[in-house]
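Q: Okay, here's the structure, questions in a sec.
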Amino acid sequence: MICPKRTSELLDLHLAPFKDKDPAWEIGVSKIAGRGVVATRSLKRGEIIFRDSPLLIGLAAHEEDSLNACSVCLKMLPDTRFMCRQGCGLPVCSLCAKKKQHKSDCDLFKSWGPNEPDVANSVIIRLLCVARAINLNKEQRDLIYCLQANLDNNHRTEVRNAAKCFKNFPTDKKLIEIMNRTVAVLRTNGFDKTTDRTNDNQEFNYRALYPLFGVVNHDCIPNAYYTFEEKTNNMIVRAAVDIPEGFEVTTTYTKLFTGNIARHLFLKMKKNFTCKCSRCSDPTEKGAFISGLYCRDTNCTGLVVPEISGLPHPNWNCLVCKQKSTHAQMMKSQDFASGAINAKVNSNSLRTLVQYLNEKSDSFIPSSNYVVIDAKMSVLQRLQQGREDCSEELAHNTRLRYSRDITQLMDKLGLGDSLLRSHLEELLQREEERRAKRLADEAEKQLKLTELQAKAAEADKLLEVLEKEQAEQAKPAGTADPGTAPAAPPLATAELA
Numbered sequence: 001m002i003c004p005k006r007t008s009e010l011l012d013l014h015l016a017p018f019k020d021k022d023p024a025w026e027i028g029v030s031k032i033a034g035r036g037v038v039a040t041r042s043l044k045r046g047e048i049i050f051r052d053s054p055l056l057i058g059l060a061a062h063e064e065d066s067l068n069a070c071s072v073c074l075k076m077l078p079d080t081r082f083m084c085r086q087g088c089g090l091p092v093c094s095l096c097a098k099k100k101q102h103k104s105d106c107d108l109f110k111s112w113g114p115n116e117p118d119v120a121n122s123v124i125i126r127l128l129c130v131a132r133a134i135n136l137n138k139e140q141r142d143l144i145y146c147l148q149a150n151l152d153n154n155h156r157t158e159v160r161n162a163a164k165c166f167k168n169f170p171t172d173k174k175l176i177e178i179m180n181r182t183v184a185v186l187r188t189n190g191f192d193k194t195t196d197r198t199n200d201n202q203e204f205n206y207r208a209l210y211p212l213f214g215v216v217n218h219d220c221i222p223n224a225y226y227t228f229e230e231k232t233n234n235m236i237v238r239a240a241v242d243i244p245e246g247f248e249v250t251t252t253y254t255k256l257f258t259g260n261i262a263r264h265l266f267l268k269m270k271k272n273f274t275c276k277c278s279r280c281s282d283p284t285e286k287g288a289f290i291s292g293l294y295c296r297d298t299n300c301t302g303l304v305v306p307e308i309s310g311l312p313h314p315n316w317n318c319l320v321c322k323q324k325s326t327h328a329q330m331m332k333s334q335d336f337a338s339g340a341i342n343a344k345v346n347s348n349s350l351r352t353l354v355q356y357l358n359e360k361s362d363s364f365i366p367s368s369n370y371v372v373i374d375a376k377m378s379v380l381q382r383l384q385q386g387r388e389d390c391s392e393e394l395a396h397n398t399r400l401r402y403s404r405d406i407t408q409l410m411d412k413l414g415l416g417d418s419l420l421r422s423h424l425e426e427l428l429q430r431e432e433e434r435r436a437k438r439l440a441d442e443a444e445k446q447l448k449l450t451e452l453q454a455k456a457a458e459a460d461k462l463l464e465v466l467e468k469e470q471a472e473q474a475k476p477a478g479t480a481d482p483g484t485a486p487a488a489p490p491l492a493t494a495e496l497a
């Protein structure tokens, strides 16, 4: 293990511009893996733990990406005439073409002689983040070597493939070693977009290495989350929950709403370790049942979950009838459910998808299963853009219901603050305020209607009285009311005597 003290010294140099005189963290021995970032004081939920700046950053430049982005400021450029005119093979905007950073990049790549300098090549553009390590100072380069690097058989492939794109690619073993090591560190600790990393933090569309964050270890129920400053690309890491002094700060390398098996495979293949956190050690995943499927016995109402065996294809056990099933048997159920729901997700009708999730999917897959959760997330994202073919009432009710479903699932997992939770809570608040306003408006309308009905009834009574009075006035003199008995004739005077 690389000495935590030396790592701390190099990180202090890297983070000097932030001038943090009383940091809330230190590098210490980790119970999870080797070294880690440890809280030096009690941290409140939402409190900033540290800021970090990228030691290396560049365009991700995957084959499917648009390549017309500036290699310095990383902003999108017009579709034509965006390549550097000096022949370095890099895209650059007119302002950044004059900057020191591009001159350094340009001189380096021109000396290697790109085969087609006027054509945007994803391999060359992607290599830039790695090649920039050559021009770092000694302390910065030592910091790269202090970070964990999984040196598997594939970490040399990128540089080897990039060499084919240049006429005079360097053969110096030291330079090649620096680039290969940087590739390995980036693959282990760096960012390469965030599509497969997590849905709990801010999206990040570049390739970058944040040294301090690179020391933060993984937990499937992280106690911290990160965001990025748009102008500087600096990272801000905050406490997702209250973190006591001496506890390790953790992040997540995986998407939150994937089951134990998928997370284990990802971490083993991509990060070269096996997670043994509390969630990974619980077949039910804290009672969230992200992997849960219905029992194959039609007479049983129980859920089936995979065994915690560390194997890629474990057996599954029913929690009620205790029946065992093979991985292949349960994957047939999972694949059927995934295919049925994804077919609706990919359809043009959002209303059809919502109705399917609300009325049919629960008959063959639990509502807690990751496929259903992903579909609900997709619905909320689409509703954020517009109602599509949903009525206003359906859209409103769906936002409320799905936001609650996902928030409750996060609570079961024990997840704290995050961008996702903030978004869902804001959505819930907004929809509840909208519902409250609608109910208040309806109540006000009902009150007004009741008042109008009361006034109408009063008017009807007055009108009835008025009609009677008019009828009385319209009778000829001496005419008796038909409903009144005739008056007795007056008695004669003689009879009185």
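In full-length UniProt numbering, the protein residues as written are 1 to 497.
Where a beta carbon is used, it is the ideal one built from N, C-alpha and C, also for glycine.
Suppose you measure from the CA of residue 354 to the CA of residue 330; what does that come to, to the nearest Å?
A: Taking the sequence shown and counting its residues from 1, the one referred to as residue 354 is at position 354. Taking the sequence shown and counting its residues from 1, the one referred to as residue 330 is at position 330. Near 25 Å, if we compare the C-alpha coordinates of residue 330 and residue 354.
Q: Look at the alpha carbon of residue 254 and the alpha carbon of residue 212, and state the distance between them as a whole number of angstroms.
A: Here residue 254 refers to the residue found at position 254 of the sequence shown. Here residue 212 refers to the residue found at position 212 of the sequence shown. Near 19 Å, if we compare the C-alpha coordinates of residue 212 and residue 254.
Q: Would you report the Cα separation of residue 377 and residue 325, rounded to the nearest angstrom?
A: Residue 377 sits at position 377 when you count from the first residue of the sequence shown. Residue 325 sits at position 325 when you count from the first residue of the sequence shown. Each residue's Cα considered, the two are about 30 Å apart.
Q: Give a yes or no on contact between the stretch 372 to 391 and the stretch 296 to 307, applying the rule of three or more CB pairs nearer than 8 Å.
A: They do not touch, by the three-pair rule.
Q: Compare the beta carbon distance of residue 249 and residue 216 with 7 Å and say whether it is the shorter of the two.
A: In the sequence shown, residue 249 corresponds to position 249, counting from 1. In the sequence shown, residue 216 corresponds to position 216, counting from 1. Yes, they are a contact pair.
Q: Under a Cβ-count criterion, where at least 16 other Cβ atoms within 10 Å of its own Cβ denotes burial, should residue 371 be classed as buried or exposed?
A: By one-based count along the sequence shown, residue 371 stands at place 371. So residue 371 ends up on the buried side.
Q: Taking the beta carbon of residue 155 as the centre, do at least 16 other beta carbons fall within 10 Å, making it buried, or is it exposed?
A: In the sequence shown, residue 155 corresponds to position 155, counting from 1. Buried: at least 16 other Cβ atoms inside 10 Å.
Q: Assign residue 461 to one of two classes, buried (16 or more other C-beta atoms within 10 Å of its C-beta) or exposed (fewer than that).
A: Against the sequence shown, residue 461 aligns to sequence position 461. Its Cβ having fewer than 16 others within 10 Å, residue 461 is exposed.
Q: Give me whichever residues DSSP pairs with residue 36 in a beta bridge.
A: By one-based count along the sequence shown, residue 36 stands at place 36. Answer is 28, bridged to residue 36.
Q: Between residue 24 and residue 10, is the Cβ-Cβ spacing less than 7 Å?
A: Translated into positions along the sequence shown, residue 24 becomes position 24. Translated into positions along the sequence shown, residue 10 becomes position 10. It is not a contact, given that the beta carbons lie outside the stated cut-off.
Q: Residue 274 to residue 259, Cα distance in whole Å?
A: Locating residue 274 in the sequence shown gives position 274, counting from the first residue. Locating residue 259 in the sequence shown gives position 259, counting from the first residue. If I take the Cα positions, the gap works out to 14 Å.
Q: Which stretch, first to last residue, makes up the alpha helix (DSSP H) that contains residue 499?
A: Since the displayed the chain opens at 1 and closes at 497, residue 499 lies outside it and no answer follows.
Q: State the Cα-Cα distance for the pair residue 316 and residue 264, rounded to the nearest angstrom.
A: Counted from its first residue, the sequence shown places residue 316 at position 316. Counted from its first residue, the sequence shown places residue 264 at position 264. Answer to the nearest angstrom: the Cα atoms are 16 Å apart.
Q: Would you please state the rounded distance, in angstroms, between the beta carbons of residue 239 and residue 418? I believe it to be under 8 Å.
A: Your numbering for residue 239 matches position 239 in the sequence shown. Your numbering for residue 418 matches position 418 in the sequence shown. Not quite, the Cβ-Cβ distance comes to about 11 Å (not below 8 Å), so this is no contact.
Q: Given a threshold of 16 other Cβ atoms within 10 Å of its Cβ, counted over all protein chains shown, does residue 4 qualify as buried or as exposed?
A: Here residue 4 is taken as the residue at index 4 of the sequence shown, counted from 1. Counting Cβ neighbours within 10 Å, residue 4 comes out buried, since at least 16 surround it.
Q: Please classify residue 182 as buried or exposed, where buried requires at least 16 other C-beta atoms within 10 Å of its C-beta.
A: Stepping through the sequence shown from its first residue, residue 182 is reached at position 182. Classification of residue 182: buried, given that the 10 Å Cβ count is 16 or more.
Q: Helix, strand or coil for residue 255? Go by DSSP, reduced to three states.
A: Working through the sequence shown from its first residue, we reach residue 255 at position 255. Residue state, collapsed to three classes: coil.
Q: Just mark residue 440 as buried or exposed, buried being the case when its beta carbon has 16 or more other beta carbons within 10 Å.
A: What you label residue 440 is simply residue 440 of the sequence shown in a count that begins at 1. Exposed is the call here.
Q: Report the rounded CA-to-CA distance for residue 456 versus residue 475, giving the unit in angstroms.
A: Position 456 of the sequence shown, counted from the start, is the residue given in the question as residue 456. Position 475 of the sequence shown, counted from the start, is the residue given in the question as residue 475. Looking at the two C-alpha atoms, the distance is approximately 29 Å.
Q: Going by DSSP, what residues sit across from residue 69 in a beta bridge?
A: The residue you call residue 69 lines up with position 69 of the sequence shown. Its beta-bridge partners are 76.
Q: Mapping the DSSP letters down to three states, classify residue 155 as helix, strand or coil.
A: Along the sequence shown, one-based indexing puts residue 155 at 155. It is coil, neither helix nor strand.
Q: Mapping the DSSP letters down to three states, classify residue 208 as helix, strand or coil.
A: On the sequence shown, position 208 is the one that residue 208 refers to. If DSSP states are grouped into helix, strand and coil, residue 208 belongs with the strands.
Q: Taking just the CA atoms, how far does residue 410 sit from residue 223?
A: The residue labelled residue 223 in the question sits at position 223 within the sequence shown. The residue labelled residue 410 in the question sits at position 410 within the sequence shown. Rounded to whole angstroms, residue 223 to residue 410 spans 13 Å at the Cα level.
Q: Check whether chain B comes within 7 Å of residue 100, counting only Cβ atoms and requiring the distance to be less than that.
A: Chain labels in this structure do not include chain B; a single protein chain is all it has.
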